[in-house]
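Below: one structure, written as structure tokens.
Numbering (mature numbering (1 follows the signal peptide of the UniProt record, and there is no 0)), first residue to last: -19 to -1, 1 to 293.
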């Protein structure tokens, strides 16, 4: 009997751990003046060991900042910038293998690339990771989201594959690749329920959009998924951060839809811009901080915006 009780106790602990949810509170934000000349930011990664903030622009610029300890440091801190020549949408750094993974989206193709030691400069070669399905790049819907866990690389299409990107289809698939030495190998596809028709006045944005995702540090069982859409007619952004729990048996990402980890439109007097980049910062008084940056589309009517969330 005692062994049965022990087994039951362990099962209950497992279920409780799986049901724990993540939520965030609003910490601070900063809107950059256009004169800061930091535009088109679509990817961001913080590397603690080097105290480096690396920002990727989707028109080829790549920025490296150091010693940013408080939000005001972002306003005038000097940066190191170089050209990749790539329209980068997301960047992730894998410290154990010293490898950079990045997604690229153009009018003709979208892919995931990788390079050891550093991001590629102009004309430098790099590897590509094959995707299992073609993407609707003709509708500006490619790969914008990458996440790294201890064992896997996750890749999320913005609105699904060519076959999936329909307003009447809420299910799309994320692609998971297993780390094997210095490379990654395709492992599985996981279904995910995306919010469609969040921006009804724009025919393309009716598809919804996953603009970034990130793994919880050291956690193989959950992802944080940033969904947003931008309506050009109203110049308004709808954005929510969702927790997605990984159901390994059913190859499904269970999205906590009714209780988002954070709703960027819920704060009175605050309007989010076109949120596209996300990374973990350093702990703040024992609480993990999440940094989110917007892509101003190099437009005088939009802004580069930095938002800091604190995990409860």
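Glycine included, C-beta positions come from ideal geometry on N, C-alpha and C.
Item                                                                                                                                                                                 : Value
Answer yes if the region 239 to 249 comes into contact with the region 216 to 230, meaning at least three C-beta pairs across the two stretches below 8 angstroms, and no otherwise. : yes
Identify the residues that DSSP records as bridge partners of residue 227: which are they?                                                                                           : 234
Do residue 193 and residue 207 have their C-beta atoms within less than 7 angstroms of each other?                                                                                   : yes
Could you say if the region 4 to 20 and the region 48 to 59 meet the contact criterion of at least three C-beta pairs nearer than 8 angstroms?                                       : yes
Please state whether the Cβ-Cβ distance between residue 13 and residue 285 is less than 7 angstroms.                                                                                 : yes
Do the region 137 to 154 and the region 179 to 192 touch if we need at least three Cβ pairs shorter than 8 angstroms?                                                                : yes
So, are the CB atoms of residue 62 and residue 83 less than 7 angstroms apart?                                                                                                       : no
What does the Cβ neighbour count give for residue 65, buried or exposed, with the cut at 16 atoms within 10 Å?                                                                       : buried
In the DSSP output, what is residue 271 paired with across the bridge?                                                                                                               : 261, 290
Pairing CB atoms from the region 176 to 187 with CB atoms from the region 245 to 258, are three or more of them under 8 angstroms?                                                   : no
Using CA coordinates, which residue listed in 67, 134, 237, 268 is at the minimum distance from residue 76?                                                                          : 134
Given this structure, state the Cα-to-Cα distance separating residue -2 from residue 196, to the nearest angstrom.                                                                   : Any reading at residue -2 must be qualified, since the residue scores a pLDDT of 48, below 50, and its modelled position is unreliable; the value itself is stated next. Rounded to the nearest angstrom, the two C-alpha atoms are 15 angstroms apart.
Whose C-alpha, out of 21, 260, 118, 145, is nearest the C-alpha of residue 34?                                                                                                       : 260
Assuming residue 108 contacts residue 95 (C-beta within less than 8 angstroms), just tell me the rounded distance between them.                                                      : 5 angstroms
Do you know offhand how far residue 138's Cα is from residue 288's?                                                                                                                  : 24 angstroms
Where does residue 59 fall in DSSP's three states?                                                                                                                                   : coil
Do residue 202 and residue 127 come within 7 angstroms of each other at the CB atom, strictly closer than that value?                                                                : no
Check whether the Cβ atoms of residue 290 and residue 8 sit closer than 7 angstroms, and answer yes or no.                                                                           : yes
Enumerate in chain order the residues of its own chain whose CB-to-CB distance from residue -8 is below 8 angstroms, with the five nearest sequence positions on each side excluded. : Confidence is the limiting factor: at residue -8 the pLDDT is only 35, short of 50, which leaves the residue's position unreliable, though a coordinate-based value still follows. Cβ neighbours of residue -8 beyond the five flanking positions: none.
So for residue 118, helix, strand or coil by DSSP?                                                                                                                                   : helix
Tell me the DSSP secondary structure of residue -7 in three-state form.                                                                                                              : Annotation note: pLDDT 37 at residue -7 (below 50); position unreliable, coordinate value reported separately. Three-state result, residue -7: helix.
Which stretch, first to last residue, makes up the beta strand (DSSP E) that contains residue 143?                                                                                   : It is not in any beta strand (DSSP E) - residue 143 carries neither H nor E in the DSSP assignment.
Go to residue 37, then tell me how far its beta strand (DSSP E) extends in each direction, as first and last residue.                                                                : 33 to 38
If you scan the region 156 to 216 from start to end, which runs of the beta strand (DSSP E) of 3 or more residues do you find wholly inside it?                                      : 164 to 174, 191 to 196, 203 to 212
With distances taken from CA atoms, which of 131, 125, 129 is nearest residue 140?                                                                                                   : 125
With burial defined as no fewer than 16 other Cβ atoms inside 10 Å of the residue's Cβ, what is the status of residue 164: buried or exposed?                                        : exposed
Tell whether a beta-carbon distance below 7 angstroms holds between residue 25 and residue 11.                                                                                       : no
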